[in-house]
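Everything on this sheet refers to the single structure shown next.
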Amino acid sequence: MPKTALITGASRGIGRSIAAALYREGYSLIVTCKQSYDRLEQLRDELLSLNRTDQTITLRLCDCSNPGMVEELFGEIPSVDVLVNNAGISMTGLLHEMSVDDWNTMISTNLSGVFYHCKYCIPLMLRKHAGHIINISSVWGAAGASMEVAYSASKGGVNTLTRALARELAPSHIQVNAIACGLIDTDMNRHLTTEETASLIEQIPADRIGTPEDIARAVLMLLHAPSYLTGQIITVDGAWT
């Protein structure tokens, strides 16, 4: 029986690339997104063309910031070997001009969503005394970014949650790590002008923007890492920060 991986926010960008990489690695998939079900269907059709008859792909709409929806999702799942908490949002602007509703949306999506999925996934992993939880974070979770204070705070919370949860679950042989992404070519960064992107690339020693596939390969690296590697925030940013 193939192992099962659950990837949140899998309809596009980093989540989509992670899902594709894990399917090619031999995993059955449970992929979720908030509203773009048609994109999940496109991903499923693309992967099914590989003719992996022993692997399954399950699609679900789930708002990661809604604890009831997450609980309902896990009520349908008998087993999970890998959880990738990828779903997230970004907002830019001055903190004092940010509404309370926008702050709460940011925290509930980027941080509480990770908590909800971990809460309901951990019992499934404890039954096997094994598992991987990988949280997709950001370099701003450590460094902080002007005009993205709420986003930085949410990802800083993800980083601390990762380290603390790894200590909690290490005796049960469940590895918990995070990947802190640098500038990645996704829709989240489409607001940048050509000039702004060029200016940022000048600051990146690798001389390019990262790709979703770079992050997917980092996820695979963590899945093949020694069991002693847990509680780490792995930075993938081309030596930017």
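Taken in order, the sequence shown gives residues 9 to 249; the numbers are from the numbering used here.
Heads up, the beta-carbon is just placed ideally off N, CA and C, and yes, glycines get one too.
Hey, would you say residue i sits closer than 8 Å to residue j, going by beta carbons?
| i | j | result |
| --- | --- | --- |
| GLY23 | ALA95 | yes |
| VAL244 | LEU169 | no |
| TYR45 | LEU69 | yes |
| GLY218 | GLY239 | no |
| CYS126 | LEU81 | no |
| GLY21 | PRO220 | yes |
| LEU132 | ILE85 | yes |
| VAL88 | CYS129 | yes |
| ALA153 | ILE242 | no |
| LEU120 | SER73 | Checking the sequence, you will find Ser at residue 120 rather than Leu. Yes, they are a contact pair. |
| THR66 | LEU37 | yes |
| ASP215 | ILE209 | yes |
| ILE144 | ASN93 | yes |
| VAL166 | ASN112 | no |
| LEU230 | HIS140 | yes |
Hey, out of the options, whose CA is closest to residue i's CA?
| i | options | result |
| --- | --- | --- |
| THR249 | SER146, GLN183 and ARG225 | SER146 |
| HIS232 | ILE142, TYR124, CYS72 and GLN50 | ILE142 |
| ASP195 | VAL90, LEU51 and ILE97 | ILE97 |
| SER19 | ILE223, SER120, ARG52 and LEU237 | ARG52 |
| GLY34 | ILE26, GLU54 and LYS11 | LYS11 |
| LEU228 | LEU91, GLN50 and MET99 | LEU91 |
| LYS136 | LEU177, SER57, GLY83 and GLN211 | LEU177 |
| GLN43 | ALA28, LEU58, ASP71 and ALA27 | ASP71 |
| ALA138 | TYR236, ARG32, GLU156 and VAL39 | TYR236 |
| TYR124 | ALA151, ILE212, ARG225 and PRO75 | PRO75 |
| GLU156 | MET99, ILE115 and GLY83 | MET99 |
Exposed or buried, which one is residue i when buried takes at least 16 other CB atoms within 10 Å?
| i | result |
| --- | --- |
| VAL78 | buried |
| SER180 | exposed |
| GLN183 | buried |
| GLU54 | exposed |
| LEU191 | buried |
| LEU58 | exposed |
| VAL108 | exposed |
### Task
Count the C-beta pairs between the segment 153 to 165 and the segment 199 to 213 that are closer than 8 Å, then say yes if the count reaches three, no if not.
no
Q.
Would the segment 60 to 69 count as touching the segment 95 to 110 if we require 3 or more Cβ pairs under 8 Å?
A. no
Q.
If we require 3 or more residues per run, which beta strand (DSSP E) segments fall completely within the segment 169 to 217?
A. 182 to 189
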